[in-house]
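Below is one structure, written out as structure tokens, with a few remarks after it.
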DNA sequence: GCCAACGTTGGC
DNA sequence: GCCAACGTTGGC
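Numbering (the working numbering), first residue to last: 270 to 426.
Now the structure itself:
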């Protein structure tokens with residue numbers, strides 16, 4: 270059973286176009302326990318992901334991605350030269366985990382946050398909840414499908 | 001740049 | 001285990 274997710278990235282750090290260029294990527298740098306737990310315990314190969322660009326004008330869903338490798342230790346936490354280094358994580362007892370993603374398709378229509386807020390079909394979506402800032406979050410199938418409809422990418426599912 | 005929301009840290 | 005201080009996220 271396919272599960273659905275939303276993952277945030279700041280486009281100046283890692284845009285969707287970079288995922289397309291790379292072919293796949295490891296989702297490193299998540300340092301939040303709730304987000305970690307989703308990646309370590311819940312996300313499965315084949316799960317579908319809304320790739321969201323945050324901290325940009327306007328914030329928007331940039332494309333669809335798919336989980337292509339399940340949770341494994343985030344090795345950037347072991348690397349003292351990485352900005353994601355965490356002295357409390359080590360290979361014997363890793364604290365942080367990541368998954369790998371591959372691109373599916375960029376959105377054909379821009380799906381901007383203000384448009385999502387105005388869409389009654391997306392009522393209750395975690396992304397739209399006040400004050401939420403979780404960078405990895407589950408999405409209801411119905412909400413996922415509606416975002417795909419808004420982005421005109423249903424044909425890619 | 002502001003600031004609300006919320007997660008983390010650390011003293012006690 | 002409480003909670004104040006502090007740091008970060010991320011929309012606006």
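For glycine and all other residues, C-beta sits at the position ideal for the given N, C-alpha and C.
No experiment lies behind these values; they were computed from the predicted model shown.
Counting along the chain, the unbroken beta strand (DSSP E) around residue 406 starts and ends at 405 to 407. Proximity to residue 378 across 366, 396 and 423 peaks at 423, based on C-alpha coordinates.
At the C-beta level, residue 413 and residue 273 come within 7 Å of one another. Inter-residue distance for residue 363 and residue 326 is about 36 Å (C-alpha atoms, whole angstroms). Closest by C-alpha distance to residue 285, out of 298, 275, 416 and 333, is 333. Nearest Cα to residue 337 within the set 303, 349 and 288: 288. Taking the Cα positions, residue 401 is about 31 Å away from residue 350.
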